[in-house]
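*Asks:* Here numbering that gives the first Met the number 0 is used: the first residue of the sequence shown is 0, the next is one more, and so on. Here a beta-carbon is modelled for each residue, glycine too, at the ideal position from N, C-alpha and C. Remember, it's a predicted structure, so these values are computed and weren't measured experimentally. Structure provided below as structure tokens; questions to follow.
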Amino acid sequence: MKTRLMALLLVALLALTLAGCASDSPSPSPGNNNNNNNNNNQTPAAPPADEPITLRLEQFSGSGGNEDTLKEMLSKFNVIHPNITVELQTFGYDDYFTQLQTKVVGGNAADVFELNFENFVSYASEGVLLDIGGRIGDTSGFNQTALDAFNYQGRQYGVPNSFSNVVLIYNKDLFDRAGEAYPTSAWTWAEMLAAAKSIRALDSSIFGLYRPISFHEFYKGVRQNGGSLMTDDMRQFTVNLPQNAETLETMIGWVNDSNVMPNDAQMGGMGDWDLFVSGRLGMIVTGIWAFGHYTENCDFAWDIAVEPGNTGKATHFFSNAYVVNNETKHPEAAAALVAFLAGSREATSIRVAASWELPPVTYSDILDAYLAISPPANRSAVFESLNYLCTPPVVKQQSEMQDIIAKHLGNALSGSMSAQDALDACQQELEQKINLN
0 MKTRLMALLL VALLALTLAG CASDSPSPSP GNNNNNNNNN NQTPAAPPAD EPITLRLEQF
60 SGSGGNEDTL KEMLSKFNVI HPNITVELQT FGYDDYFTQL QTKVVGGNAA DVFELNFENF
120 VSYASEGVLL DIGGRIGDTS GFNQTALDAF NYQGRQYGVP NSFSNVVLIY NKDLFDRAGE
180 AYPTSAWTWA EMLAAAKSIR ALDSSIFGLY RPISFHEFYK GVRQNGGSLM TDDMRQFTVN
240 LPQNAETLET MIGWVNDSNV MPNDAQMGGM GDWDLFVSGR LGMIVTGIWA FGHYTENCDF
300 AWDIAVEPGN TGKATHFFSN AYVVNNETKH PEAAAALVAF LAGSREATSI RVAASWELPP
360 VTYSDILDAY LAISPPANRS AVFESLNYLC TPPVVKQQSE MQDIIAKHLG NALSGSMSAQ
420 DALDACQQEL EQKINLN
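So, in structure tokens, the structure goes:
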């Protein structure tokens, strides 16, 4: 049942966002969103009573440097609601959901906590979340696509605090040294590989491209090549399609053939972001949440472009939401906190200034402010990429499915199996172990 519900949610979201991951959609501008005007103010939720209230807020997306940004948002909330004390606790993504499950089962979940898009339906369907639709005030200022992603069976169980996608980020200095033109939105894998080879030739310690061979990159890669991992009705796996094998062969070739992408030994324990910051990487496919880190740490010129595809384009859709615990003793105060952090002008302005993903609102002045921040100079590519959003296949046994696919991708990368043989074996194992009913 959860599988079918998640599938319906994915289909609904994509229907609102785009008509498939096509390559011929026009480029949007921030001003094209519904309700996008300067007079469209987000009305905050009705203020709670004046008695002292303490709320627990637990989240993951503010880990690292963004925690200070979130604390700044909370300080603005306290100006409006001085009687509400918010106890913030931040967890790294890897540990967050394990701890959340334990707390929910034990009846000790926070008043307000964060969920990502992939996990939302599981919690909403189990009665863990409070319907906050009547408590968060006017929602006309929200991006409707992002807001609807957290509506389950007609009830608003969450409010998006951000949404984001993935772009191609490139080192302009290395492109200049290699005599290569900068990437454009018209690029395909062929142009990307040609530039990556030129940059790789600059020095034995310099690499042209980093795009990990992982479940998330593979599902997106097959969409960029006209393939898919499951049928549209989410009832059958299609992992071993010929175009999927071609995609995997291409990705493996970046490492093993042209070596424009470093292998594990060449990485030497360094992370992909660190390799880019070091000035030894020409291009990296990563999320827009990297902008702040690169702005602070890169001592070279860099910019972005829409991620290249092969027969078409596709890019990730990510969204996180704040939700309210159904067992909270302070539902109105918790809803007020959610509405403020997600949709108020104060909070979204702070988010934009910190380059912390996209705010989930349609205020043209806020989005214009996002576009005005540099680097990257070509921030319009973020909005152009919204034309090509696609979501991963989601099943009830999500972790097991991802682990199976990742294992067989690794077998192909290691050379122990051909790409087609690895995907054939993957298809067989998925059909045996993953229940799609």
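1. Excluding sequence positions up to five away, which residues of its chain have a Cβ less than 6 angstroms from the Cβ of Glu248?
2. From the DSSP output, in three-state form, read off Cys389 for me.
3. Can you list, in chain order, the residues of its chain with a C-beta nearer than 6 angstroms to that of Thr327? Leave out the 5 residues immediately preceding and following it.
4. One question on the structure: do Thr89 and Glu66 come within less than 8 angstroms of each other, judged by their Cβ atoms?
5. Assuming contact is defined by CB atoms lying nearer than 8 angstroms, are Gly61 and Leu69 in contact in what I supplied?
6. Evaluate the contact criterion for the stretch 143 to 157 versus the stretch 273 to 283: three or more CB pairs, one atom per stretch, below 8 angstroms.
7. Under 8 angstroms, do Gln426 and Asn239 count as touching if we go by C-beta distance?
8. If we ignore side chains and look at the alpha-carbon of each, how far apart do Phe299 and Leu370 end up?
9. If you scan the stretch 55 to 81 from start to end, which runs of the beta strand (DSSP E) of 3 or more residues do you find wholly inside it?
10. Could you spell out where the beta strand (DSSP E) holding Pro374 opens and where it closes?
11. Would you mind giving the Cβ-Cβ distance between Ser492 and Ala180, rounded to the nearest angstrom? I have them listed as a contact below 8 angstroms.
12. Rounded C-beta distance between Gly207 and Val158? I'm assuming under 8 angstroms.
13. Asn37: buried (16+ other C-beta within 10 angstroms of its C-beta) or exposed?
14. Could you check what DSSP says for Pro320 in three-state terms: helix, strand or coil?
15. Which term fits Asp302, buried or exposed, when burial requires 16 or more other beta carbons within 10 angstroms of its beta carbon?
16. Taking the C-alpha atoms as reference points, what is the distance between Thr230 and Phe236?
17. Tell me where the beta strand (DSSP E) around Met233 begins and ends.
18. Given Val165, which residues of its chain have a CB within under 7 angstroms of its CB, disregarding the five upstream and five downstream residues?
19. CB-CB under 6 angstroms to Trp355, same chain, minus the five flanking residues each way: which ones, in chain order?
20. Taking the beta carbon of Lys219 as the centre, do at least 16 other beta carbons fall within 10 Å, making it buried, or is it exposed?
21. Quick one: what's got a C-beta closer than 7 angstroms to Arg154's C-beta in the same chain, skipping five residues either side?
22. Looking at Pro358 and Ile365, is the spacing between their C-beta atoms short of 8 angstroms?
23. Between the Cα of Asn325 and those of Val103, Thr97, Phe96, spot the shortest distance and give me the residue it belongs to.
24. Using 8 angstroms as the threshold, is the stretch 200 to 215 in touch with the stretch 404 to 413, meaning 3 or more CB pairs across them?
25. Leaving out five residues on either side along the sequence, give the residues of the same chain with a beta carbon under 8 angstroms from the beta carbon of Asn262.
26. Which residues does DSSP pair with Phe116 in a beta bridge?
27. Whose C-beta lies closer than 7 angstroms to the C-beta of Asn243 among residues of the same chain, with five residues either side of it excluded?
28. DSSP state of Phe214, grouped into three classes?
29. With burial defined as no fewer than 16 other Cβ atoms inside 10 Å of the residue's Cβ, what is the status of Glu383: buried or exposed?
30. How is Trp186 classed by DSSP in three states: helix, strand or coil?
31. Short of 7 angstroms in beta carbon distance, which residues of its chain neighbour Arg190, apart from the five on each side in sequence? Order them along the chain.
32. Report all residues from its chain with a CB closer than 7 angstroms to the CB of Asn82; omit the five preceding and five following residues, and keep chain order.
33. Is it buried or exposed for Gly291, if we count other Cβ within 10 angstroms and need 16 for buried?
34. If the criterion is Cβ atoms closer than 8 angstroms, does the pair Gly106 and Phe174 meet it?
35. Mind checking who Thr53 pairs with in its DSSP beta bridge?
36. Would you list the residues sitting across from Arg199 in a DSSP beta bridge?
*Replies:* The answer reads as follows:
1. Start at 1 with the first residue of the sequence shown, and residue 248 comes out as number 249. Within the same chain, Glu248 has close Cβ partners Ala418.
2. The sequence position of residue 389 within the sequence shown is 390, counting from 1. In this structure, Cys389 counts as strand in the three-state DSSP scheme.
3. Here residue 327 refers to the residue found at position 328 of the sequence shown. Taking C-beta separations shorter than 6 angstroms and ignoring five residues to either side along the sequence, the partners of Thr327 in its chain run Asp110, Ala333, following chain order.
4. For this step, residue 89 is matched to residue 90 along the sequence shown. For this step, residue 66 is matched to residue 67 along the sequence shown. Yes, they are a contact pair.
5. Position 62 of the sequence shown, counted from the first residue, corresponds to residue 61. Position 70 of the sequence shown, counted from the first residue, corresponds to residue 69. Against a cut-off of 8 angstroms, the Cβ pair of Leu69 and Gly61 comes out as a contact.
6. No, the stretch 143 to 157 is not in contact with the stretch 273 to 283.
7. Taking the first residue of the sequence shown as 1, we reach residue 426 at position 427. Taking the first residue of the sequence shown as 1, we reach residue 239 at position 240. Yes, the pair counts as a contact, with Cβ atoms nearer than the cut-off.
8. As a first step, residue 299 must be located in the sequence shown, where it is residue number 300. As a first step, residue 370 must be located in the sequence shown, where it is residue number 371. If you take the alpha carbons of Phe299 and Leu370, they lie about 21 angstroms apart.
9. Secondary structure within the stretch 55 to 81: not one fully enclosed beta strand (DSSP E) run of 3 or more consecutive residues is present.
10. By 1-based counting over the sequence shown, the position of residue 374 is 375. Note, Pro374: premise wrong, no beta strand (DSSP E); not H, not E.
11. Not covered by the structure: residue 492. The range shown for the chain is 0 to 436.
12. One-based indexing of the sequence shown puts residue 207 at position 208. One-based indexing of the sequence shown puts residue 158 at position 159. Incorrect: roughly 41 angstroms between the Cβ atoms, too far for contact.
13. Here residue 37 refers to the residue found at position 38 when the sequence shown is read from its first residue. Low confidence applies to Asn37: its pLDDT is 38, below 50, so where it sits in the model is not reliable, and the reading given next is rough at best. Burial call: exposed.
14. Numbered from 1 along the sequence shown, position 321 holds the residue referred to as residue 320. Checking the displayed sequence, the identity of residue 320 turns out to be Ala instead of Pro. Strand, per DSSP.
15. What you label residue 302 is simply residue 303 of the sequence shown in a count that begins at 1. By the C-beta density criterion, Asp302 is buried, having at least 16 other C-beta atoms within 10 angstroms.
16. To locate residue 230, count along the sequence shown from 1; it is residue 231. To locate residue 236, count along the sequence shown from 1; it is residue 237. Looking at the two C-alpha atoms, the distance is approximately 6 angstroms.
17. Here residue 233 refers to the residue found at position 234 when the sequence shown is read from its first residue. Boundaries for Met233: no beta strand (DSSP E) harbours it, and the DSSP string shows neither H nor E there.
18. What you label residue 165 is simply residue 166 of the sequence shown in a count that begins at 1. Excluding positions up to five away in sequence, the list reads Val284, Thr285, Gly286, Glu306, Thr314, His315.
19. For this step, residue 355 is matched to residue 356 along the sequence shown. Taken in chain order, the residues that qualify are Asn65, Thr68.
20. Within the sequence shown, residue 219 is the residue found at index 220, counting from 1. That one is buried.
21. Within the sequence shown, the letter at position 155 stands for residue 154. The answer, listed in chain order, is Asp130, Gly132.
22. Sequence index remark: in the sequence shown, residue 365 carries index 366 (1-based). Sequence index remark: in the sequence shown, residue 358 carries index 359 (1-based). Going by beta carbons, Ile365 and Pro358 fall inside the 8 angstroms limit.
23. Within the sequence shown, numbered from 1, the residue matching residue 325 stands at position 326. Comparing Cα positions, the closest option is Val103.
24. Because the criterion of three Cβ pairs below 8 angstroms is met, the stretch 200 to 215 and the stretch 404 to 413 touch.
25. On the sequence shown, position 263 is the one that residue 262 refers to. By the criterion of a C-beta distance shorter than 8 angstroms, Asn262 is surrounded in its chain by Val254, Asn255, once the five residues flanking it on both sides are discounted.
26. For this step, residue 116 is matched to residue 117 along the sequence shown. Per the DSSP secondary-structure output, Phe116 pairs with nothing in a beta bridge.
27. Walking along the sequence shown from the start, residue 243 turns up at place 244. Closer than 7 angstroms at Cβ, skipping near neighbours: Val221, Gly226, Leu422.
28. In the sequence shown, the residue the question calls residue 214 occupies position 215. Note: Phe214 maps to helix in three-state DSSP.
29. Stepping through the sequence shown from its first residue, residue 383 is reached at position 384. Per the 10 Å Cβ criterion, buried.
30. Indexing the sequence shown from 1 puts residue 186 at position 187. It is coil, neither helix nor strand.
31. Your numbering for residue 190 matches position 191 in the sequence shown. It is Glu, not Arg, that sits at residue 190 in the sequence shown. The answer, listed in chain order, is Pro307.
32. For this step, residue 82 is matched to residue 83 along the sequence shown. Only Asp49, Glu50, Pro51, Ile52 meet the Cβ criterion.
33. Here residue 291 is taken as the residue at index 292 of the sequence shown, counted from 1. Looking at its Cβ environment, which holds 16 or more other Cβ atoms inside 10 Å, Gly291 is buried.
34. The residue given as residue 106 occupies position 107 in the sequence shown. The residue given as residue 174 occupies position 175 in the sequence shown. Not closer than 8 angstroms, so no.
35. Within the sequence shown, numbered from 1, the residue matching residue 53 stands at position 54. Thr84.
36. Here residue 199 refers to the residue found at position 200 of the sequence shown. Its beta-bridge partners do not exist; DSSP assigns none.
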